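I have placed the structure first, in the form of structure tokens, so that the comments after it can refer back to it.
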Amino acid sequence: MPAPAPYNPSTPGEVAYALATPADAPAVAALVARVWTRFFGHSVSADDLAEHLATSLHPDTIGAELARGDMAFVVATVARGGGDGEDGEDGGDGGDGGDTPADDDNNARSTHLVPAITVTPSPSPSPRPYGDEDSDATDAPDPASPLVVGVAQIVAGSAEPCLTHPDPVELRRLYVDQTQHGKGVADALVAHAAALAAERFAARALWLGVWEDNPRARRFYARLGFEDVGEHEFVVGGAVRRDVVMERALGALRA
1 MPAPAPYNPS TPGEVAYALA TPADAPAVAA LVARVWTRFF GHSVSADDLA
51 EHLATSLHPD TIGAELARGD MAFVVATVAR GGGDGEDGED GGDGGDGGDT
101 PADDDNNARS THLVPAITVT PSPSPSPRPY GDEDSDATDA PDPASPLVVG
151 VAQIVAGSAE PCLTHPDPVE LRRLYVDQTQ HGKGVADALV AHAAALAAER
201 FAARALWLGV WEDNPRARRF YARLGFEDVG EHEFVVGGAV RRDVVMERAL
251 GALRA
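Put into structure tokens, the structure is as follows:
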């Protein structure tokens, strides 16, 4: 898989991948909040959901995480217009604690994560006026600015007792807008996240926690070679959910 090309706003529908910066916090937070609410909001009370959105998924929280040295985010972007994510239906199969992807299980794609990817900083101006409907921005979005349609977050120094591989890095969040389902965006985000984890944090394995009641996500990760190794709890306000912990080594990846 080649390194991500510079973002080309003149090519609607083409997905570009870049390392996110703190300036991307509003767009990343908006995407994550929409996906989480759509697919997991029913599993918690209205009060717990409101608290989760106002704390863990708030743009200020995401911005602080983007500035941390032990975390990194890869974003998938498309040119505005052409119906790619701007006017379409929001959503995806995502959730905190090993956030889950939003791709169609029936589409044929590579079953291997792809190493040797260099994720480059976004060439877009900072800050980028994404103009998401959930943001506080009052100005119209710059038509030349990219629209965030997917995100993957990795975290170094996070581990669980059940992990079996050395030097693991956590894949904490993975979200893809519903307009991009079935296009391999989730696969590409995981591949970029794996390569970035190896390059930046010398990772030799990826691990994640995925909600036990999200079979589609569990199938997705199993297809990429992740295996169940244990479980942990994921707390949202007063709600306690069980996540299945999955992991896979990075050393045996093939392009």
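Counting in the UniProt record's numbering, the final residue of the sequence shown is number 255, and the numbers go up one at a time with none missing.
Every residue, glycine too, gets a C-beta built ideally from N, C-alpha and C.
As the structure is a prediction and not an experimental result, all values here were calculated from the model.
* What separation, rounded to the nearest whole angstrom, lies between the Cα atoms of A27 and D228? -> 32 Å
* To do: Please determine, among V190, H165 and P161, the residue with the shortest C-alpha to C-alpha distance to I154.
  => V190
* To do: Assuming V75 contacts V176 (C-beta within less than 8 Å), just tell me the rounded distance between them.
  => With a Cβ gap of about 11 Å, V75 and V176 do not count as contacting.
* Is DSSP giving L66 helix, strand or coil here? -> helix
* **Segment contact flag, the region 203 to 216 with the region 178 to 185, C-beta cutoff 8 Å, min 3 pairs** => no
* Asked: With which residues is Y17 paired in a DSSP beta bridge?
  -> As a beta-bridge residue in DSSP terms, Y17 pairs with A76.
* To do: Round the Cβ separation of A239 and S45 to the nearest angstrom and send it over; I've been treating them as touching at under 8 Å.
  => 7 Å
* To do: Can you check DSSP and say which residues form a bridge with P166?
  => DSSP, once it has assigned bridges, lists no residue as partnering P166.
* In three-state DSSP terms, what is A222? -> Looking at A222 - three-state DSSP - the assignment turns out to be helix.
* Got a sec, what are the start and stop residues for the alpha helix (DSSP H) P22 sits in? -> Here P22 belongs to no alpha helix (DSSP H), and DSSP marks it neither H nor E.
* Which value, in whole angstroms, describes the spacing of the CA atoms of F39 and A29? -> Their Cα atoms are separated by approximately 15 Å.
* Residue(s) in a DSSP beta bridge with L147 -> V78
* **Close-in-space but distant-in-sequence residues of the same chain around A159 (CB under 8 Å, 5 per side omitted)** => P168, E170 and W207, listed in sequence order.
* Asked: Straight-line CA distance for R219 to T77?
  -> 25 Å
* **Straight-line gap, G237 to R172 (C-alpha atoms, nearest Å)** => Approximately 18 Å between the Cα atoms of the pair.
* **E65 classed as buried or exposed, judged by whether at least 16 other C-beta atoms fall within 10 angstroms** => buried
* Sequence-distant residues of the same chain with beta carbon closer than 7 Å to A67, five excluded per side -> P22
* Would DSSP call V44 helix, strand or coil? -> coil
* Between the Cα of R241 and the Cα atoms of G63, H42, A33 and A152, which residue gives the shortest distance? -> H42
* From the DSSP output, in three-state form, read off A156 for me. => coil
* **Local Cβ density within 10 Å of E247, reported as buried at 16 or more and exposed below that** => buried
* For D47, count neighbouring Cβ atoms within 10 angstroms of its own Cβ and tell me buried if that reaches 16, exposed if not. => exposed
* If you check the beta carbons only, do A205 and H232 fall under 7 Å apart? -> no
* Asked: Within 10 angstroms of its Cβ, does G150 collect 16 or more other Cβ (buried), or is it exposed?
  -> buried
* Asked: For E233, does the three-state DSSP call read helix, strand or coil?
  -> DSSP places E233 in strand when its eight states are reduced to three.
* Asked: Nearest-angstrom Cα distance between L163 and L49?
  -> 30 Å
* To do: Measure the alpha-carbon distance for residue 261 versus W36 and round it to whole angstroms.
  => A question about residue 261 goes unanswered here, because the residues of the chain that appear run from 1 up to 255.
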